[in-house]
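Residue numbers (the working numbering), protein chains in the order written: chain A, 243 to 470; chain B, 243 to 470.
This is the structure:
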């Protein structure tokens, strides 16, 4: 039996898109939501898209986190810290938390093209302060367009992976490589998430101005830098 | 006679690379330096590379700024504000200032993979507060690798252009399109330079980790969004 991936806030567009892609790649995916019924409905809908053999279930966020080895945060920033505190008692001691959260000002009524200042420097660094000791935190999957993830097309976006724990970096690089078109790139320390998170607000500004679904590619690195 | 482009701090690798590419495209380029003799030497060396018909001269920074319609800042952040104050009296009232400056912590003895906090939000926004009224400021050309600019190869990097003045955005988009491989993209307001400047520190981190000369490409926008 493969490890489970819990996608918290997985009924939102980013979470659903990642769930769809990873389920398609054969991963066991648990969609987490505040509302277990909504999670279950999203899981059933996704199964119809991906196929009956897909390993997708839906659970309330805490139950999903408790059942998983990999916990992916795809909630708006405004609910992020509260959810993290809620699930903290049930996180497995050897779990990996993948944080995709961007501190968009929109999450507190501001603009989606602007970000909030985070005392720790980035949401991912805040997460690292809040998780139980031993739980690894990795920042990744901030910049891919939800529209693209929720389709069958190749995702034209590189995934910049930031962590202070090599095993967590590895896990995120591997999950990036499982999505057609995506390439994972080790972008160094968790603190570098500061910039990776901001990039999403810039991509949103480009999407609004030019009516697109933008992503980024990193050029000029040796082939060994790209996973996928 | 075409307008002149003054590249202040143009004896550094980024400035020299831009001078080389724009001179090759037929632009009239003035390399600015604190030291007129160094500027002149750099101009003569560059002429040997680009060809005898290239329009390249070298001048002290203030003289270069006074002679130009487009003034490009390619100095380290530590010397940026002082240079701007120095040239302020001679900037033409209808000049365009293109700011490529990244607030790398390295400019004050820290790491090149980290940035300093700028009160105004970005170096370019600080510049906009310091220039004479009427002078347009545009942030651009932060992310291209100097190694790539100083070669004859295609520059695999998009140029994110941020300004509150459409004519300045146009000027920078056009200059991006003159460099083979580069594409200019209107990235909206000057405030968006906050993220574009940070991206350079992240690319430096990638270069160190993976031993490359990285750049960025923006995917997923309609063709009309790309100039070049």
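Virtual Cβ for every residue (Gly too), placed ideally from N, Cα, C.
Can you tell me the Cα-Cα spacing of residue 550 (chain B) and residue 335 (chain A), whole angstroms?
What is shown of chain B runs 243 to 470, which leaves residue 550 (chain B) out entirely.
Where does residue 282 (chain A) fall in DSSP's three states?
Translated into the one-based positions of the first chain, residue 282 (chain A) becomes position 40. In the structure shown, residue 282 (chain A) sits in a helix (DSSP, three-state: H, G or I).
Please name the residue, chosen from B:300, B:380, B:292 and B:341, that lies closest to residue 277 (chain B) on a Cα-to-Cα basis.
Here residue 277 (chain B) refers to the residue found at position 35 when the second chain is read from its first residue. Nearest C-alpha to residue 277 (chain B): B:300.
Excluding sequence positions up to five away, which residues of its chain have a Cβ less than 6 Å from the Cβ of residue 320 (chain B)?
Counted from its first residue, the second chain places residue 320 (chain B) at position 78. Hits under 6 Å: 349 and 350.
What are the residues of the stretch 445-458 of chain B that lie near chain A, defined by any Cβ-Cβ distance shorter than 7 Å?
Correct list: 447, 448, 451, 452, 453, 454, 455, 456, 457 and 458.
So, are the CB atoms of residue 423 (chain A) and residue 403 (chain A) less than 7 Å apart?
As a first step, residue 423 (chain A) is located in the first chain; it is residue number 181 there, counting from the start. As a first step, residue 403 (chain A) is located in the first chain; it is residue number 161 there, counting from the start. The answer is no: Cβ separation not under 7 Å.
Across which residues does DSSP place residue 379 (chain A) in a beta bridge pair?
Position 137 of the first chain, counted from the start, is the residue given in the question as residue 379 (chain A). Answer is A:339, bridged to residue 379 (chain A).
Looking at the secondary structure, which residues open and close the beta strand (DSSP E) in which residue 248 (chain A) lies?
Numbered from 1 along the first chain, position 6 holds the residue referred to as residue 248 (chain A). Per DSSP, residue 248 (chain A) belongs to the beta strand (DSSP E) from 246-250.
Near residue 343 (chain A), what residues of its chain come up, given a Cβ to Cβ distance below 6 Å and the 5 sequence neighbours on each side ignored?
To locate residue 343 (chain A), count along the first chain from 1; it is residue 101. 315, 319, 322 and 365, listed in sequence order.
Look at the alpha carbon of residue 394 (chain A) and the alpha carbon of residue 442 (chain B), and state the distance between them as a whole number of angstroms.
Taking the first residue of the first chain as position 1, residue 394 (chain A) is located at position 152. Taking the first residue of the second chain as position 1, residue 442 (chain B) is located at position 200. Their backbone Cα atoms lie some 32 Å apart in a straight line.
At what residues does the alpha helix (DSSP H) containing residue 426 (chain A) begin and finish?
As a first step, residue 426 (chain A) is located in the first chain; it is residue number 184 there, counting from the start. Run containing residue 426 (chain A): none in the alpha helix (DSSP H); it sits in the beta strand (DSSP E), 425-428.
Find out if the Cβ-Cβ distance for the pair residue 269 (chain A), residue 247 (chain A) is shorter than 7 Å.
On the first chain, residue 269 (chain A) is found 27 positions in, with the first residue counted as 1. On the first chain, residue 247 (chain A) is found 5 positions in, with the first residue counted as 1. Taking 7 Å as the Cβ cut-off, residue 269 (chain A) and residue 247 (chain A) qualify as a contacting pair.
Report the three-state DSSP secondary structure of residue 314 (chain B) (helix, strand or coil).
Counting from 1 along the second chain, the entry for residue 314 (chain B) is found at position 72. It is a strand residue.
Mind listing the chain A neighbours of residue 407 (chain B)? Cutoff is C-beta to C-beta under 8 Å, in chain order.
As a working note, residue 407 (chain B) is residue 165 in the second chain. Within 8 Å Cβ-Cβ: nothing; residue 407 (chain B) doesn't reach chain A, min ~15 Å.
Secondary structure at residue 304 (chain A), three-state DSSP: helix, strand or coil?
Taking the first chain and counting its residues from 1, the one referred to as residue 304 (chain A) is at position 62. Helix, per DSSP.
Give the straight-line distance between the Cα atoms of residue 358 (chain A) and residue 436 (chain A), rounded to the nearest whole angstrom.
As a working mapping, residue 358 (chain A) is identified with position 116 in the first chain. As a working mapping, residue 436 (chain A) is identified with position 194 in the first chain. When rounded, the distance between both Cα atoms is 11 Å.
Would you mind reading off the limits of the beta strand (DSSP E) that contains residue 401 (chain A)?
As a position in the first chain, residue 401 (chain A) is number 159, starting the count at 1. Its beta strand (DSSP E) spans residues 400-405.
Counting C-beta neighbours from all protein chains within 10 Å, is the total for residue 416 (chain A) 16 or more, i.e. buried, or is it exposed?
Residue numbering aside, residue 416 (chain A) sits at position 174 when the first chain is read from its first letter. Under this definition residue 416 (chain A) is an exposed residue.
Taking all protein chains shown into account, decide if residue 483 (chain A) is buried (16 or more other Cβ within 10 angstroms of its Cβ) or exposed.
The question about residue 483 (chain A) has no answer, for chain A in this structure spans 243 to 470.
How would you list, in chain order, the residues of chain B whose beta-carbon sits under 7 Å from the beta-carbon of residue 398 (chain A)?
For the purposes of this step, residue 398 (chain A) is taken as the residue at position 156 of the first chain. Within 7 Å Cβ-Cβ: 461 and 462.
For residue 275 (chain A), which beta-bridge partners are listed by DSSP?
Working through the first chain from its first residue, we reach residue 275 (chain A) at position 33. Note: residue 275 (chain A) sits in a beta bridge opposite A:302.
Distance, Cα to Cα, residue 376 (chain B) vs residue 451 (chain A)?
Your numbering for residue 376 (chain B) matches position 134 in the second chain. Your numbering for residue 451 (chain A) matches position 209 in the first chain. Their backbone Cα atoms lie some 25 Å apart in a straight line.
Examine chain A for any beta-carbon lying closer than 7 Å to the beta-carbon of residue 434 (chain B), and answer yes or no.
Here residue 434 (chain B) refers to the residue found at position 192 of the second chain. So yes, residue 434 (chain B) belongs to the interface.
Which full runs of the alpha helix (DSSP H) of 4+ residues lie inside the stretch 427-468 of chain B, going along the chain?
Correct list: 435-452.
Look at the alpha carbon of residue 332 (chain A) and the alpha carbon of residue 421 (chain A), and state the distance between them as a whole number of angstroms.
By 1-based counting over the first chain, the position of residue 332 (chain A) is 90. By 1-based counting over the first chain, the position of residue 421 (chain A) is 179. Each residue's Cα considered, the two are about 29 Å apart.
Establish whether the CB of residue 467 (chain B) and some CB of chain A are separated by less than 7 Å.
Counted from its first residue, the second chain places residue 467 (chain B) at position 225. Residue 467 (chain B) counts as touching chain A.
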